[in-house]
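Peer 1: Can you keep this structure in mind? I'll have questions shortly.
Protein chains: 6
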Amino acid sequence: MKQLNDYAEGERVITFCLVKQRELATASNQKEYFNLELADQSGTLPAKVWDVTEELKEIIQVKAIVKIDATVQMYRGKKQLVIQRIRLASASDEVGHESLVQASPVPQDELWASLQGYVGKLKSQTLRQVIEHLLGEPDLQDRLRSFPAGVKMHHNYYSGLMEHIVSLLTLADRILPLYPQVDRDSLYATCILHDIGKLYELSDAIAPEYSTPGQLIGHLVMGVELVSDACRALGISPQDSEILHLKHCILSHHGDVDLGYGSAVSGKTPTAVLFHYLDQIDSKMNALGQTLTQMEEEWDYAPVLRRRVWRGY
Amino acid sequence: MKQLNDYAEGERVITFCLVKQRELATASNQKEYFNLELADQSGTLPAKVWDVTEELKEIIQVKAIVKIDATVQMYRGKKQLVIQRIRLASASDEVGHESLVQASPVPQDELWASLQGYVGKLKSQTLRQVIEHLLGEPDLQDRLRSFPAGVKMHHNYYSGLMEHIVSLLTLADRILPLYPQVDRDSLYATCILHDIGKLYELSDAIAPEYSTPGQLIGHLVMGVELVSDACRALGISPQDSEILHLKHCILSHHGDVDLGYGSAVSGKTPTAVLFHYLDQIDSKMNALGQTLTQMEEEWDYAPVLRRRVWRGY
Amino acid sequence: MKQLNDYAEGERVITFCLVKQRELATASNQKEYFNLELADQSGTLPAKVWDVTEELKEIIQVKAIVKIDATVQMYRGKKQLVIQRIRLASASDEVGHESLVQASPVPQDELWASLQGYVGKLKSQTLRQVIEHLLGEPDLQDRLRSFPAGVKMHHNYYSGLMEHIVSLLTLADRILPLYPQVDRDSLYATCILHDIGKLYELSDAIAPEYSTPGQLIGHLVMGVELVSDACRALGISPQDSEILHLKHCILSHHGDVDLGYGSAVSGKTPTAVLFHYLDQIDSKMNALGQTLTQMEEEWDYAPVLRRRVWRGY
Amino acid sequence: MKQLNDYAEGERVITFCLVKQRELATASNQKEYFNLELADQSGTLPAKVWDVTEELKEIIQVKAIVKIDATVQMYRGKKQLVIQRIRLASASDEVGHESLVQASPVPQDELWASLQGYVGKLKSQTLRQVIEHLLGEPDLQDRLRSFPAGVKMHHNYYSGLMEHIVSLLTLADRILPLYPQVDRDSLYATCILHDIGKLYELSDAIAPEYSTPGQLIGHLVMGVELVSDACRALGISPQDSEILHLKHCILSHHGDVDLGYGSAVSGKTPTAVLFHYLDQIDSKMNALGQTLTQMEEEWDYAPVLRRRVWRGY
Amino acid sequence: MKQLNDYAEGERVITFCLVKQRELATASNQKEYFNLELADQSGTLPAKVWDVTEELKEIIQVKAIVKIDATVQMYRGKKQLVIQRIRLASASDEVGHESLVQASPVPQDELWASLQGYVGKLKSQTLRQVIEHLLGEPDLQDRLRSFPAGVKMHHNYYSGLMEHIVSLLTLADRILPLYPQVDRDSLYATCILHDIGKLYELSDAIAPEYSTPGQLIGHLVMGVELVSDACRALGISPQDSEILHLKHCILSHHGDVDLGYGSAVSGKTPTAVLFHYLDQIDSKMNALGQTLTQMEEEWDYAPVLRRRVWRGY
Amino acid sequence: MKQLNDYAEGERVITFCLVKQRELATASNQKEYFNLELADQSGTLPAKVWDVTEELKEIIQVKAIVKIDATVQMYRGKKQLVIQRIRLASASDEVGHESLVQASPVPQDELWASLQGYVGKLKSQTLRQVIEHLLGEPDLQDRLRSFPAGVKMHHNYYSGLMEHIVSLLTLADRILPLYPQVDRDSLYATCILHDIGKLYELSDAIAPEYSTPGQLIGHLVMGVELVSDACRALGISPQDSEILHLKHCILSHHGDVDLGYGSAVSGKTPTAVLFHYLDQIDSKMNALGQTLTQMEEEWDYAPVLRRRVWRGY
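In order, the protein sequence lines correspond to chains A, B, C, D, E and F.
Numbering-wise (full-length UniProt numbering), the first sequence opens with residue 1 and increments by one.
Numbering-wise (full-length UniProt numbering), the second sequence opens with residue 1 and increments by one.
Numbering-wise (full-length UniProt numbering), the third sequence opens with residue 1 and increments by one.
Numbering-wise (full-length UniProt numbering), the fourth sequence opens with residue 1 and increments by one.
Numbering-wise (full-length UniProt numbering), the fifth sequence opens with residue 1 and increments by one.
Numbering-wise (full-length UniProt numbering), the sixth sequence opens with residue 1 and increments by one.
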């Protein structure tokens with residue numbers, strides 16, 4: 001099916017999409033209009049609704065699913081939709097949120113199966129129990145299956161966090177034979193749990209915002225608290241060396257404290273030091289991959305590096 | 001009673017003291033000797049034992065209480081003890097560690113009573129319960145009554161942490177009427193619990209070293225975990241706003257994250273922002289107070305500021 | 001009386017106000033219009049005048065007092081005034097600048113009396129003479145009674161600097177008993193004089209801009225020069241220890257030199273070190289207080305911290 | 001054979017070793033003595049020669065191979081050799097430098113074969129030609145087979161650079177399937193050539209010092225010049241995209257320019273960005289591996305991180 | 001002849017100019033219009049074309065020379081052109097790019113002669129040969145005679161780089177007698193060649209953009225490669241001390257590496273250290289000179305310093 | 001006459017010299033000895049006195065002039081004096097401090113005459129009056145003729161500050177014709193007065209230490225206060241533009257405020273910006289010149305750059 005970003009300048013678009021942002025503005029002729037950001041699986045497009053009724057003001061809200069009849073125009077070099085008609089989707093339209101958001105290219109169930117495979121490989125009873133306990137908790141599992149790894153930057157789409165985790169596990173798996181000074185099980189466990197706090201730092205999978213606990217505590221410490229909760233439920237001592245090490249890896253995964261990127265401690269084991277670099281690699285490669293895919297010129301700006309990057313030969 | 005630092009150059013010293021550091025060295029004539037650091041309530045002095053027997057090598061260990069017969073000499077402008085005789089204290093000598101370490105100028109019981117007074121003032125049931133639960137735990141209470149606030153720098157002596165807490169509470173108490181945007185109970189609770197993790201980050205009160213959990217997790221997150229433990233025991237929801245705020249204040253008390261001093265989150269409420277400055281004030285004033293007390297010249301080096309300070313007029 | 005910010009969307013506003021900013025723009029239909037920023041005691045609002053005559057271009061200037069007949073509209077989620085009629089206030093309107101600017105919540109005379117009270121408490125003849133000499137100088141006194149503490153950020157309103165000074169004195173007064181290593185009179189004097197250079201760094205109290213001397217010399221050194229002038233007039237030696245210390249506290253109150261915030265020397269006494277933190281506390285608490293008061297959501301952006309802050313529970 | 005570091009306190013040592021450092025000092029009795037640093041494959045030990053003749057002063061020089069008769073003593077907690085007799089090794093002793101320096105645990109020829117294997121895998125004619133040309137040059141090949149990757153920190157031993165290269169290639173090989181946005185041949189070529197400039201930045205493989213060109217130009221630019229030389233010899237255009245990209249990866253491998261670690265440009269392709277992290281991983285893991293192997297306590301200082309690290313459970 | 005920036009508000013402008021930037025925008029009435037940036041020797045002006053035909057969309061491109069019939073209007077306090085008629089210049093108009101770009105105030109040929117004069121003063125055969133070889137290369141000479149020293153900031157106009165070089169040579173000439181520790185010929189050579197890489201880092205002299213090699217390699221290393229090429233052509237050893245020193249000065253001219261401004265090595269000779277400051281002086285003085293010339297108020301913003309500057313008395 | 005640093009290892013030295021530092025130490029045989037630092041015009045040498053009497057302890061003090069009978073020995077690769085006999089110089093020895101300290105290579109009177117010559121060139125009545133007033137003040141003149149420019153680093157010898165000033169004036173004189181945007185008289189005046197505060201920041205010319213006012217106020221603000229004093233004495237308004245500008249140049253000469261090197265304001269005129277670089281050039285060239293003169297190897301450590309520098313070819 002044709003998606004939002006597939007339409008060219010001048011084409012008419014009749015489709016369902018999701019309202020990601022909504023602003024009510026006033027034109028120089030004193031009339032109100034909407035600046036919207038609409039989304040489907042192909043990404044987002046800005047949109048304008050010039051005739052705004054009181055009814056529209058009420059029903060067009062963030063996360064609403066709408067059906068539009070619009071035309072694609074160019075504005076400052078970028079496509080935007082000028083909407084002639086817009087209405088809320090009804091139950092009979094049978095359009096769900098999942099069908100309108102960008103999602104991981106790997107199917108959700110495949111990611112989940114890969115993740116389970118790695119959990120099964122853990123030799124450490126302690127670490128496997130903790131992970132199985134956490135991943136078995138229904139609300140956490142639901143979130144883990146659907147959440148992005150972040151609001152912007154990298155793996156910022158449906159099931160993005162799970163894709164990031166599986167990608168890290170694959171990466172770890174391939175690197176481990178080279179560095180026997182790294183603890184295999186700790187590295188696996190850190191790949192799986194390092195961002196687990198994000199499941200509560202963010203509000204939801206569709207239009208994620210930072211939650212109050214997320215802003216007050218941060219996902220590193222939230223992740224450590226989830227690990228502690230699991231240990232308690234399982235009767236594992238909080239002084240257990242493997243657990244201490246796992247927490248250390250989670251708390252240090254943003255790099256050295258004095259860099260100011262939010263680690264609570266600096267990495268003090270080969271495993272912790274290695275994981276920080278793996279996380280950097282996987283997030284930067286994902287973000288650069290997205291930028292390169294969308295580049296139309298040989299050089300373009302990559303937000304993740306805050307500089308222009310080269311598509312190459 | 002005359003203390004180690006009361007003796008002048010040339011005087012003979014016969015007293016009990018504590019071995020804080022011990023190094024076995026070899027002189028240019030190939031004979032072994034001891035470089036010791038000895039301590040009593042007046043502070044520490046370097047000491048030399050020129051005749052080292054095999055027996056001495058065994059019994060003179062860090063934290064040992066010894067009786068010495070020595071002479072004070074000057075070496076590179078500083079006093080040192082040259083020891084003629086040294087033996088281990090026996091049970092019959094009735095000399096305890098507490099009598100040989102530098103301690104807070106305020107008596108331990110008085111500090112404890114002041115602290116209890118402030119706990120009693122808390123109007124928030126939640127916060128008072130958490131604090132009473134933690135302070136009522138015997139091991140934690142023992143540690144809290146005796147631990148220093150740190151290995152070096154500030155309140156670095158017996159009961160130093162409790163003195164720091166009471167000093168912060170007094171400070172908070174006096175400032176609160178000026179800033180109604182600050183939450184009184186949260187500020188009290190942060191004063192009491194901000195460094196509570198240090199009780200397990202450090203090994204003991206007499207010759208504190210960093211513990212393995214301390215180095216892997218750090219006292220900020222350890223403190224938050226103690227709060228969570230208390231909540232669980234008390235049936236308080238971890239989503240409780242006051243608890244979230246308390247944790248936020250603990251996790252942000254080292255200042256903005258991008259300064260790289262180890263906060264896990266940057267302060268996002270007036271209470272958190274204020275507490276960071278109060279903690280800076282109380283620790284710097286204590287450290288400068290110690291430096292100024294020991295200054296013999298108009299200007300001298302203050303380790304806490306890494307610069308020379310002025311004693312003033 | 002109803003103030004600018006009291007009016008709701010759609011209401012008609014007939015009132016006097018002050019022109020704080022003025023820009024002549026051209027609409028897409030090639031007609032000129034005014035973008036104004038209008039103020040009264042309730043704060044400021046953006047305003048548009050669509051019909052601009054040659055006469056209006058001449059009379060509508062920054063600092064002009066005008067009478068408007070306008071309607072409140074919403075533009076990008078914020079209120080703005082669309083002005084139908086506007087004229088200059090005449091003498092017979094009897095509207096002064098003071099009645100149209102935001103001012104300290106504490107009355108000017110009360111602040112002045114508090115300040116005088118603290119001056120009276122100074123035991124040091126030297127410091128009291130210097131302060132009385134400076135505050136007795138009519139032009140300086142006029143400025144001190146009316147100036148804000150800054151253009152943006154904190155205490156940025158009529159009599160704001162005096163409010164900041166009195167707030168700092170109260171704060172100092174309450175903290176001093178805890179830290180005997182701090183010199184009471186020096187701390188009082190620094191509270192009073194630390195920003196005294198701002199009275200000439202800024203142009204005036206109503207619409208303050210940076211003066212040429214202010215930008216070339218800065219308020220720290222300007223303050224020190226005012227102290228030196230006073231000493232000369234009073235026959236006090238510039239080598240006087242109390243004067244040197246006072247200048248040191250003024251020159252170091254932006255924190256350590258290597259932080260790059262503009263201190264000319266780093267603090268080298270407990271008094272100087274403490275004052276920097278008191279100044280940080282009072283300015284941050286004032287700015288956060290203003291942000292919190294205006295917040296409509298649980299979380300909002302606080303310019304002083306350059307991050308979102310939490311209103312709390 | 002028993003090595004220098006295998007001897008315990010008090011044991012007599014008769015062995016060949018290499019003079020790494022030499023200082024002629026004067027004791028407090030005015031007699032001269034030697035402070036030496038002696039080395040064999042087990043590492044280095046400090047040594048003292050108390051009876052220094054004129055002849056010894058002449059023959060004991062840095063890089064000399066000597067035979068010693070000595071005793072192991074403890075000095076400030078560390079082992080040192082007190083030498084009774086010392087003489088220069090003669091040709092008949094048949095002791096070469098290679099047998100007395102610490103070397104890569106992987107045999108030199110095995111490393112060389114692995115490296116050749118990866119060169120053979122290159123599909124890009126351009127890149128393979130350049131690498132084969134450089135590695136075929138006899139002086140460069142000699143150096144590459146023997147040089148350390150650095151004077152201190154990581155892979156700082158005989159054939160260390162080649163071990164680092166092969167380790168990076170293996171790492172790259174394993175990671176590449178995960179990130180199709182990375183150019184396989186460019187990554188291989190960068191692994192092989194990124195530090196090629198070090199072969200002339202340093203003086204030799206046994207006791208490496210920085211050369212004059214090394215200090216004036218640095219190994220990044222020296223490496224790029226070697227690539228340019230090869231291109232010229234092979235008739236490859238310096239504007240060739242693959243060559244530009246290879247140079248870019250070499251010049252950016254110390255990370256972003258604004259970090260100040262000496263990159264001449266910041267990485268602008270996925271390959272360049274990835275390689276920087278791979279280089280960090282391999283060098284840090286090697287350095288930490290060395291530290292962990294030598295640790296005798298649970299915690300010890302790791303120079304590469306400038307902090308204490310944990311040996312783990 | 002009257003230039004673009006000579007016209008006042010309201011005046012009619014009929015002239016030739018160059019299109020520097022071009023954007024096709026859509027007005028709130030849905031009609032397309034052009035935002036152009038037009039230039040002649042007096043600088044640039046923004047311009048609007050309200051009636052955009054399909055033909056205009058095709059012919060109005062960046063670097064096009066056009067003839068306009070327009071009126072000067074004020075928009076947000078700045079002049080802009082509202083264009084009634086616009087057409088492409090034809091061959092018969094005899095208007096070249098050179099006549100429409102801002103150029104160095106010193107005539108190109110005069111700059112070239114000065115530069116040649118300094119080359120003639122070089123006593124070092126090696127350095128003179130290298131420079132003469134490079135400057136004798138036709139493409140490089142063409143570029144050198146016309147290129148700006150940069151896209152923004154300083155000497156950012158036709159022949160700007162040559163003006164910068166001659167200015168630096170004059171500066172060096174005057175300073176050299178004071179510092180005999182500086183090598184005269186190396187300093188001259190560095191003045192001439194330090195930015196020579198910019199001739200290929202940028203695309204062209206009229207509307208310069210960064211080239212792909214420029215962004216991947218950077219002008220410092222590109223300059224060093226040009227020097228190496230010249231040495232090879234001339235049979236000069238790359239190990240020649242004067243050449244090493246010249247390359248060192250080029251590679252270090254952005255200041256110390258740890259400042260993060262892109263030097264590949266930090267300056268390690270008096271000549272290299274001095275040149276960095278000379279380059280700073282000449283570029284800052286040129287940029288400030290341009291700002292001061294255009295200032296209409298006593299204080300205005302200077303982009304090169306990112307702060308407001310004072311025109312003075 | 002032969003100077004301290006002219007003697008070779010093993011030679012006997014009988015000469016007068018100055019005690020720069022003095023430490024009473026205790027040898028491992030428990031006997032006291034002196035570690036001295038002795039100086040004459042050739043620089044300093046460490047010295048040891050093994051037989052220390054009570055009388056010697058009293059008379060050998062810092063700044064004492066002594067006559068020694070000693071032998072040159074090598075200690076850790078550096079020359080030291082072992083003193084057999086030492087006595088205080090008497091009046092009849094006719095040895096003054098000036099004859100024993102390192103001094104500027106340019107005679108004091110010649111520097112003074114050059115300085116006067118530049119003062120005479122000032123066209124600005126205001127600036128010339130201020131400078132003549134200050135330089136005419138006897139105590140300041142005495143200090144200016146003899147003080148070093150600093151304790152370490154650059155021009156750190158008798159009359160060093162005056163040499164630095166004259167060198168800067170010569171430099172300014174040669175550069176001014178190139179940059180008409182710089183104000184000649186302001187630049188001259190800044191060269192002369194920028195470090196004038198150092199005359200009171202330091203204690204004296206022979207063995208300079210930081211004074212209390214120097215450490216509390218700093219030489220930038222002290223210099224500005226001297227200018228203000230002169231203006232007052234001369235009836236020049238402190239609002240005079242030339243005076244404001246001069247103060248601005250003094251207060252900003254350590255570079256941009258956010259670099260944290262102690263400027264009170266950032267430079268905001270071409271003159272201020274230029275002077276900072278001239279000061280950097282002259283101080284770095286002087287320090288590097290001293291390092292290069294003493295270098296015995298091709299590469300050696302230069303304290304001013306905190307890196308090794310190259311002597312060159």
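Ideal placement from N, C-alpha and C gives every residue a C-beta, glycine not left out.
Fair warning: this is a prediction, and the values are worked out from it, not measured in the lab.
(1) For residue 264 of chain E, which residues in the same chain have their Cβ closer than 8 Å to its Cβ, ignoring the five residues on either side in sequence?
(2) In whole angstroms, give me the CA-to-CA distance for residue 121 of chain F and residue 87 of chain F.
(3) Any chance you could list the beta strand (DSSP E) runs of at least 3 consecutive residues sitting entirely within the UniProt domain "OB" (28 to 88) of chain A, in chain order?
(4) Would you say residue 80 of chain E and residue 107 of chain E are within 7 Å of each other, going by their C-beta atoms?
(5) May I ask you to list, following chain order, the residues of the UniProt domain "HD" (163 to 271) of chain F that have a beta carbon less than 9 Å from some beta carbon of chain B?
(6) Are the beta-carbon atoms belonging to residue 160 of chain A and residue 149 of chain A less than 7 Å from one another?
(7) Among F:16, F:202 and F:154, whose alpha-carbon lies nearest the alpha-carbon of residue 90 of chain F?
(8) For a quick check, are the C-beta atoms of residue 49 of chain D and residue 83 of chain D less than 7 Å apart?
(9) Using only alpha-carbon positions, find the residue among F:310, F:172 and F:244 that is nearest to residue 218 of chain C.
(10) Looking at the unbroken beta strand (DSSP E) that takes in residue 25 of chain C, where does it start and where does it end?
(11) For a cutoff of 7 Å on Cβ pairs, would you count residue 284 of chain D as touching chain A?
(12) Check whether the Cβ atoms of residue 194 of chain F and residue 286 of chain F lie closer than 7 Å to each other.
(13) Within this structure, are the beta carbons of residue 260 of chain F and residue 260 of chain C separated by less than 7 Å?
(14) By alpha-carbon positions, which one of A:103, A:41, A:10 and A:247 ends up nearest to residue 72 of chain A?
(15) Quick one: list the residues of chain A neighbouring residue 299 of chain C, beta-carbon separation under 9 Å, in chain order.
(16) So residue 19 of chain D and residue 62 of chain D are in contact, right, with Cβ under 8 Å, and what is the actual spacing, rounded?
(17) According to DSSP, simplified to helix, strand and coil, what is residue 309 of chain D?
Peer 2: If we stick to the structure as given:
(1) 220, 221, 251, 252 and 257
(2) 50 Å
(3) 32 to 40, 43 to 49, 65 to 75 and 78 to 88
(4) no
(5) 210, 212, 215 and 216
(6) yes
(7) F:16
(8) yes
(9) F:244
(10) 12 to 26
(11) yes
(12) no
(13) yes
(14) A:10
(15) 210, 212 and 215
(16) 6 Å
(17) strand
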